[in-house]
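*Asks:* Next up is a structure, given as structure tokens.
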Amino acid sequence: MVNKAVRREFSYTGITYTLFYALANGFQLLLGVLLAFTAVFSMFSDAFDLNLSLLVEHPLFMMLASIISMYVVALPVLWLMMRRIKKHPPAKAPLTFKRGFVLFLISMFMMLAGAWIGNLFAYLIETLTGTEIANTTIDTIEALDALPTVILSVLIGPLMEEIMFRKILIDRLRIFGEKKIMVLSAVMFGLFHANLYQLFYAFGLGLVLAYIYMRTGRLRYTYLFHALINLVFGAIPLLFVQPLQAQVEEIAAGNMEALTPAVIAAMCFSLTQYACALAGFVLLIIFARKAYYEPQPYEIPKGLSFRTIYLAPGMIIFMAGHVILIIVTIVMQVLGLA
Numbered sequence: 000m001v002n003k004a005v006r007r008e009f010s011y012t013g014i015t016y017t018l019f020y021a022l023a024n025g026f027q028l029l030l031g032v033l034l035a036f037t038a039v040f041s042m043f044s045d046a047f048d049l050n051l052s053l054l055v056e057h058p059l060f061m062m063l064a065s066i067i068s069m070y071v072v073a074l075p076v077l078w079l080m081m082r083r084i085k086k087h088p089p090a091k092a093p094l095t096f097k098r099g100f101v102l103f104l105i106s107m108f109m110m111l112a113g114a115w116i117g118n119l120f121a122y123l124i125e126t127l128t129g130t131e132i133a134n135t136t137i138d139t140i141e142a143l144d145a146l147p148t149v150i151l152s153v154l155i156g157p158l159m160e161e162i163m164f165r166k167i168l169i170d171r172l173r174i175f176g177e178k179k180i181m182v183l184s185a186v187m188f189g190l191f192h193a194n195l196y197q198l199f200y201a202f203g204l205g206l207v208l209a210y211i212y213m214r215t216g217r218l219r220y221t222y223l224f225h226a227l228i229n230l231v232f233g234a235i236p237l238l239f240v241q242p243l244q245a246q247v248e249e250i251a252a253g254n255m256e257a258l259t260p261a262v263i264a265a266m267c268f269s270l271t272q273y274a275c276a277l278a279g280f281v282l283l284i285i286f287a288r289k290a291y292y293e294p295q296p297y298e299i300p301k302g303l304s305f306r307t308i309y310l311a312p313g314m315i316i317f318m319a320g321h322v323i324l325i326i327v328t329i330v331m332q333v334l335g336l337a
């Protein structure tokens with residue numbers, strides 16, 4: 000039989016992370032509503048001459064509201080609630096440059112492979128419905144200037160996500176089996192993004208980051224990896240590569256006058272990404288057979304893993320809630336409501 004005490008730990012974890020998401024989004028909604036009411040009030044008062052309605056819709060405001068709601072309001076609540084579960088952090092160990100470089104190349108493969116899978120699902124939905132499925136996260140970041148983009152996607156986001164899904168989660172649950180918790184951390188990390196495009200590559204990256212944290216016990220390594228991956232696959236392409244897409248299409252059509260040094264640099268950058276990802280695929284095949292997982296005192300038996308972890312009521316709520324959120328977002332886009 001499944002140990003009920005162990006299952007309760009996973010259920011409590013699922014409920015806590017669900018509460019984090021609800022609290023963060025609820026506070027952000029409340030902040031938007033308050034500012035909207037203030038904007039309406041300002042229309043009938045000379046005391047306010049700011050156009051707050053434009054402020055609420057500004058991407059920078061949306062970014063700041065998201066950071067405050069998630070990491071100033073909701074994250075401390077998550078940390079306080081998860082303190083109930085006793086910590087069993089991994090032993091601290093260094094990460095050699097060679098091992099780190101291998102894992103970084105594997106991370107690049109995970110990112111590209113996950114992006115292809117997400118894009119494939121989006122393409123299938125678009126083909127069936129005739130509606131373009133937007134990547135809302137990318138759309139928001141694209142609307143920002145360069146500095147806010149780097150701050151959000153490279154500095155703040157990775158730090159907070161590593162605290163949530165590696166430090167807090169793994170420290171408390173790894174005693175039930177490192178490989179099992181590595182997968183759980185990746186699943187929750189992927190679902191947390193609540194975005195079809197990000198779901199699969201966040202899962203793949205989450206596997207690598209969880210493994211690094213379990214073998215080193217140091218958050219600085221996973222944060223550095225996460226920040227570099229977001230820089231290479233997020234900030235740099237959005238700021239420097241995508242703006243040149245029109246020129247690349249002109250070159251493909253035979254207009255060689257569009258071949259500027261900037262375009263050449265962008266093309267070399269993209270080719271390097273694919274080359275590194277291919278190397279990462281080969282290294283993954285080799286590395287997977289050598290991966291080491293420390294035996295844990297309360298290791299969940301193989302046949303009971305899924306039932307104990309993923310069928311715990313709180314985990315069902317967390318996973319079902321995020322899957323429903325992804326589906327609702329897609330349906331609203333198909334119906335033209337978003």
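Residue 151 in numbering that gives the first Met the number 0 sits at position 152 of the sequence shown, and the numbers go up by one each step.
By construction, the Cβ of each residue, glycine as well, lies at the ideal position given by its N, Cα and C atoms.
(1) Using only alpha-carbon positions, find the residue among V327, R173 and A265 that is nearest to I235.
(2) Cα separation between Q272 and I174?
(3) Let me make sure I understand the geometry here. Which of R214, Y297, M314 and V231 has the alpha-carbon closest to that of L93?
(4) Can at least three beta-carbon pairs, one atom from the stretch 305 to 324 and one from the stretch 7 to 27, be found at a separation below 8 Å?
(5) Smallest Cα separation from A261: which of A274, C275, A245 and A276?
(6) Return the CA-CA distance between I169 and F268, expressed in angstroms with no decimal places.
(7) Got a sec? Which residues, its chain only, sit under 6 Å from F9 by beta carbon, not counting five neighbours each side?
(8) DSSP on I84, reduced to helix/strand/coil?
(9) Just verifying my parser: in three-state terms, what is the DSSP assignment at A46?
(10) With distances taken from CA atoms, which of Y220, Y297, L77 and G335 is nearest F100?
(11) Flag this pair as touching only if the stretch 69 to 87 and the stretch 252 to 260 have three or more C-beta atom pairs under 8 Å; answer yes or no.
(12) Please identify the residue among Q27, F191 and Y292 whose C-alpha is closest to the C-alpha of K179.
(13) Count the C-beta pairs between the stretch 106 to 123 and the stretch 188 to 202 that are closer than 8 Å, then say yes if the count reaches three, no if not.
(14) Helix, strand or coil for M0, going by three-state DSSP, please let me know.
(15) Tell me where the alpha helix (DSSP H) around A278 begins and ends.
(16) Roughly how many angstroms lie between the CA atoms of A290 and I67, to the nearest whole one?
(17) What residues in its chain sit with their C-beta under 6 Å from that of G279, if we drop five residues either side in the sequence?
(18) Using a 10 Å radius around the Cβ and a threshold of 16 neighbouring Cβ atoms, would you call Y11 buried or exposed?
(19) Give a yes or no on whether the C-beta atoms belonging to F232 and M110 are separated by under 8 Å.
(20) Quick one: using the 10 Å Cβ neighbour count with 16 as the cut-off for buried, is K166 buried or exposed?
(21) Kindly list the residues whose CB is nearer than 6 Å to the CB of M159, restricted to its own chain and excluding five residues on each side of it in sequence; keep chain order.
(22) Which of the three DSSP states is assigned to N354 in this structure?
(23) Taking 8 Å as the cut-off, decide whether the C-beta atoms of I137 and I329 are in contact.
(24) Taking K179 as part of the alpha helix (DSSP H), name the residues at either end of that continuous run.
(25) On a Cα-Cα basis, can you pick out the residue from L238, G335, T95 and P294 that is closest to P89?
*Replies:* According to the structure shown:
(1) Translated into the one-based positions of the sequence shown, residue 235 becomes position 236. Nearest option by C-alpha distance: A265.
(2) Position 273 of the sequence shown, counted from the first residue, corresponds to residue 272. Position 175 of the sequence shown, counted from the first residue, corresponds to residue 174. So the two alpha carbons sit approximately 36 Å from each other.
(3) In the sequence shown, counting from the first residue as 1, residue 93 sits at position 94. The residue you asked about is not Leu; residue 93 is Pro in the sequence shown. In this structure, R214 is the residue among R214, Y297, M314 and V231 with its C-alpha nearest to the C-alpha of P93.
(4) At 8 Å Cβ cutoff, the stretches touch.
(5) Along the sequence shown, one-based indexing puts residue 261 at 262. Looking at A274, C275, A245 and A276, the one whose alpha-carbon comes closest to that of A261 is A245.
(6) Counting from one through the sequence shown, the residue named residue 169 turns up at place 170. Counting from one through the sequence shown, the residue named residue 268 turns up at place 269. Straight-line Cα distance between these residues: approximately 34 Å.
(7) For the purposes of this step, residue 9 is taken as the residue at position 10 of the sequence shown. Answer for F9: I308, A311 and M314, listed in chain order.
(8) Position 85 of the sequence shown, counting from 1, holds the residue named residue 84. DSSP places I84 in coil when its eight states are reduced to three.
(9) In the sequence shown, the residue the question calls residue 46 occupies position 47. Since pLDDT at A46 reaches only 49, below the 50 mark, its modelled position is unreliable, and no value is offered.
(10) Counting from 1 along the sequence shown, the entry for residue 100 is found at position 101. Of the listed residues, the one whose Cα sits closest to F100 is Y220.
(11) Touching, no, given that fewer than three Cβ pairs across the two stretches are closer than 8 Å.
(12) Counted from its first residue, the sequence shown places residue 179 at position 180. Nearest to K179 by alpha-carbon distance, out of Q27, F191 and Y292, is Y292.
(13) Cβ pair count under 8 Å is three or more, so yes.
(14) Along the sequence shown, one-based indexing puts residue 0 at 1. The predicted position of M0 is uncertain, since its pLDDT is 43 and thus under 50; no value can be drawn from it.
(15) Walking along the sequence shown from the start, residue 278 turns up at place 279. First-last of the alpha helix (DSSP H) with A278: P260 to K289.
(16) The count along the sequence shown starts at 1 and reaches residue 290 at position 291. The count along the sequence shown starts at 1 and reaches residue 67 at position 68. Taking the straight line from one Cα to the other gives about 38 Å.
(17) For this step, residue 279 is matched to residue 280 along the sequence shown. Once the five neighbours on either side are set aside, the close Cβ partners of G279 are L104, I105, M107 and F108.
(18) Locating residue 11 in the sequence shown gives position 12, where the first residue counts as 1. With 16 or more Cβ atoms within 10 Å of its Cβ, Y11 is classed as buried.
(19) If you number the sequence shown from 1, residue 232 lands on position 233. If you number the sequence shown from 1, residue 110 lands on position 111. Yes, the pair counts as a contact, with Cβ atoms nearer than the cut-off.
(20) The residue labelled residue 166 in the question sits at position 167 within the sequence shown. When all chains shown are included, K166 counts as buried.
(21) On the sequence shown, position 160 is the one that residue 159 refers to. By the criterion of a C-beta distance shorter than 6 Å, M159 is surrounded in its chain by Y70, once the five residues flanking it on both sides are discounted.
(22) With the chain running from 0 to 337 in the structure shown, residue 354 is simply not present.
(23) Residue 137 sits at position 138 when you count from the first residue of the sequence shown. Residue 329 sits at position 330 when you count from the first residue of the sequence shown. For I137 and I329, no; Cβs fall outside 8 Å.
(24) Walking along the sequence shown from the start, residue 179 turns up at place 180. Its alpha helix (DSSP H) spans residues E177 to F191.
(25) The count along the sequence shown starts at 1 and reaches residue 89 at position 90. Among L238, G335, T95 and P294, the Cα nearest to that of P89 belongs to P294.
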